[in-house]
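Numbering (the working numbering), first residue to last: 573 to 1154.
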């Protein structure tokens, strides 16, 4: 029989781009562990899993990478041998599950799923671990997988008739092709391009911001579980204000990001289900796509007004959710000459619950983390179980955040919620993002830096005395980088020469527009050594504010980082690029 090949759907294409960018990683693995409150019949469970695989063509997709663009085809299968193990305890199960999920798939003409069955040696418990590639599954599909496998397994145990006839993902691929050639596609395109009718600003929650593209996807997970009382407080607030937990925390996260970045426009990524009818909601496959949620903030508004506006905007975005994000990104990049993504933070709300009525077996599920993310930070608000608790799951890039950073973000988000829960009509400009505990530390501890110093000398004189006294001692530490007094002196002297070449004199105003670094401090000391005045300008400021600062301060020169052009901001000001001195 001739093999039939199919194009990737738009959600699959987005996954494939990520796969290509982060080669040989587990970034696109999804999976979890199901544990039953009884010993498994491994033969029947293996049969149940095999029946599920053989009846779902999308699970048996394999990739053909011999062409310019990847194609997929459904490979035949009659029986799938599943590994079976016996384990000692929950810790061993977690270790095995984590290791299994972190193993990358071989994507060329290999099956993109894997299963392990297990029993506990000394307990009446057993189950299975499932791992699927994102090309063939999203989180919703994982819930379908659990429902269907447990239903088949229960029927096999009871000798009941098995009737499996799931809808096909091929129907969705066909509808995707129709959509791309439809008027709906054109209307969606117009909608999104109207939203992004100016160059978007990139915001971040990381203190380690720089303009380079992050190439490492290595991440860790931090989970916070709310108790039932706090969960009910959130649900009651949402009910009283006619909103959802998802929209509420989109508003809180957007406001926090705006205040932290000193901007009134924030873009957050958010996954959307993208299943528009009954059949699609019961189809295994990759449907979910991510849309950029652009949040405009008027700090004069009350939080209630802000939330109401966000509710309305959300409805519009979801009506046009089918439009491929990659098409929008290509359009924006061509218009505004940018290479980065539109967002660094993703917020998702997960509430797909398993239909336990399909099985009379008691079981629990745990969703495993693959140890990688494509963005700086992903916050998942999970409402998957029926125990009336919210889990706040933070997946964070370890090159951008520490665990303490994540704890601070979590505390700040809930400090914002506490303020609006007490007064939904509080003005956005009056909402504080620094917690009372942080304020105490800043005012009482961190600010307690009193130390005697020679009051007849300025900082430059004191620095040069230390260069002579302690040339090989550490003068400055930034993150993992250290520099001695002697080496810092060399950097300062090199920048000083460059400033003199550019005719910098006493009392001239010099802007420092570069990422925080050792070079940042060197630039400031070089400016002060010449008797000039330095003007710090943050990358996170809105473009109009930067323009205003340069023009109204009568800045003579800007020290900035390599590859960061200011010509579009204010062309008449010279820009000394000092990256070569690093």
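Glycine included, C-beta positions come from ideal geometry on N, C-alpha and C.
Bear in mind that the values here come from a model prediction, so they are computed numbers and not experimental data.
Inter-residue CB distance, residue i and residue j (contact presumed, cutoff 8 Å)
i, j, result
"residue 584", "residue 858", "5 Å"
"residue 948", "residue 969", "5 Å"
"residue 621", "residue 632", "Between residue 632 and residue 621 the Cβ distance is about 13 Å, and since that is not below 8 Å, they are no contact."
"residue 895", "residue 761", "6 Å"
"residue 931", "residue 726", "4 Å"
"residue 964", "residue 981", "With 8 Å as the limit, residue 964 and residue 981 do not qualify as a contact, their Cβ atoms being about 10 Å apart."
"residue 1050", "residue 1089", "6 Å"
"residue 867", "residue 882", "7 Å"
"residue 1066", "residue 1057", "That belief does not hold up - the Cβ atoms of residue 1066 and residue 1057 are roughly 15 Å apart, past 8 Å."
"residue 819", "residue 886", "6 Å"
"residue 972", "residue 669", "In fact, because the Cβ distance is near 26 Å, the residues do not count as touching under 8 Å."
"residue 951", "residue 914", "The pair is not a contact, with the Cβ atoms about 17 Å apart (cut-off 8 Å)."
Under the three-state DSSP convention, the category residue i falls into
i, result
"residue 583", "helix"
"residue 963", "strand"
"residue 1143", "Low local confidence applies: a pLDDT of 35 at residue 1143 is under 50, so the model's placement there is unreliable, with the coordinate-based value given in what follows. Coil at residue 1143, not helix or strand."
"residue 935", "strand"
"residue 784", "Low local confidence applies: a pLDDT of 46 at residue 784 is under 50, so the model's placement there is unreliable, with the coordinate-based value given in what follows. Here residue 784 sits in coil by DSSP."
"residue 968", "strand"
"residue 686", "strand"
"residue 658", "strand"
"residue 994", "helix"
"residue 1047", "strand"
"residue 697", "coil"
"residue 880", "helix"
"residue 1208", "It is not possible to answer for residue 1208, since the shown part of the chain is limited to 573 through 1154."
"residue 973", "coil"
"residue 920", "strand"
"residue 674", "coil"
"residue 874", "strand"
"residue 1055", "strand"
"residue 594", "coil"
"residue 666", "helix"
"residue 578", "strand"
"residue 704", "strand"
"residue 692", "strand"
"residue 980", "helix"
"residue 645", "strand"
"residue 986", "helix"
Extent of the continuous beta strand (DSSP E) run through residue i
i, result
"residue 793", "791-797"
"residue 722", "Counting along the chain, residue 722 falls outside any beta strand (DSSP E), though it belongs to the alpha helix (DSSP H) covering 711-729."
"residue 915", "Neither: residue 915 is in no beta strand (DSSP E) and is coded neither H nor E."
"residue 843", "837-844"
"residue 1032", "Run containing residue 1032: none in the beta strand (DSSP E); it sits in the alpha helix (DSSP H), 1031-1041."
"residue 602", "601-608"
"residue 862", "861-868"
"residue 954", "949-954"
Span of the alpha helix (DSSP H), counted from its first residue to its last, around residue i
i, result
"residue 808", "800-812"
"residue 823", "817-833"
"residue 761", "755-767"
"residue 1002", "Looking at the DSSP string, residue 1002 is not in any alpha helix (DSSP H), and its letter there is neither H nor E."
"residue 750", "741-752"
"residue 1011", "1008-1012"
Residue i CB to nearest heavy atom of the ligand MN below 8 Å
i, result
"residue 967", "Absent from the structure shown: the ligand MN. Ligands present: none."
Exercise for the section: Evaluate the contact criterion for the segment 692-706 versus the segment 599-616: three or more CB pairs, one atom per stretch, below 8 Å. Expected result: yes
Exercise for the section: Evaluate contact between the segment 683-702 and the segment 653-672, counting only Cβ atoms and requiring at least three cross-stretch pairs below 8 Å. Expected result: yes
Problem - 4 or more residues per run - each alpha helix (DSSP H) lying fully within the segment 1108-1132 - result: 1115-1124
Practice task
Please specify which runs of the beta strand (DSSP E), each continuous and at least 3 residues long, are wholly inside the segment 614-643, giving them in chain order.
Solution key: 633-636
Practice task
Can you check the segment 885-912 for any beta strand (DSSP E) of at least 3 residues that lies completely inside it and give the ranges in chain order?
Solution key: none
Problem - Meets three-Cβ-pair contact criterion under 8 Å: the segment 859-879 and the segment 821-837 - result: yes
Exercise for the section: Take every Cβ of the segment 663-681, pair it with every Cβ of the segment 633-653, and state whether three or more of those distances are shorter than 8 Å. Expected result: yes
Handout entry: Complete alpha helix (DSSP H) runs within the segment 1057-1115 (minimum length 4 residues, chain order)
Key = 1057-1073, 1090-1101
Exercise for the section: Determine contact between the segment 1119-1131 and the segment 1066-1084, defined as no fewer than three beta-carbon pairs at a distance below 8 Å. Expected result: yes
Exercise for the section: Report yes or no: do the segment 770-777 and the segment 830-845 share at least 3 C-beta pairs separated by less than 8 Å? Expected result: yes
Handout entry: Cβ contact (3+ pairs, closer than 8 Å) linking the segment 929-939 and the segment 717-725
Key = yes
Practice task
Taking 8 Å as the threshold, find out whether the segment 1063-1081 comes into contact with the segment 1041-1052 through three or more Cβ pairs.
Solution key: no
Practice task
Answer yes if the segment 939-953 comes into contact with the segment 668-675, meaning at least three C-beta pairs across the two stretches below 8 Å, and no otherwise.
Solution key: yes
Practice task
Would you check if the segment 787-806 and the segment 733-750 touch, i.e. whether three or more CB-CB distances between them fall below 8 Å?
Solution key: no
Exercise for the section: Would you check if the segment 705-714 and the segment 608-617 touch, i.e. whether three or more CB-CB distances between them fall below 8 Å? Expected result: no
Handout entry: Cβ contact (3+ pairs, closer than 8 Å) linking the segment 1000-1016 and the segment 805-816
Key = no
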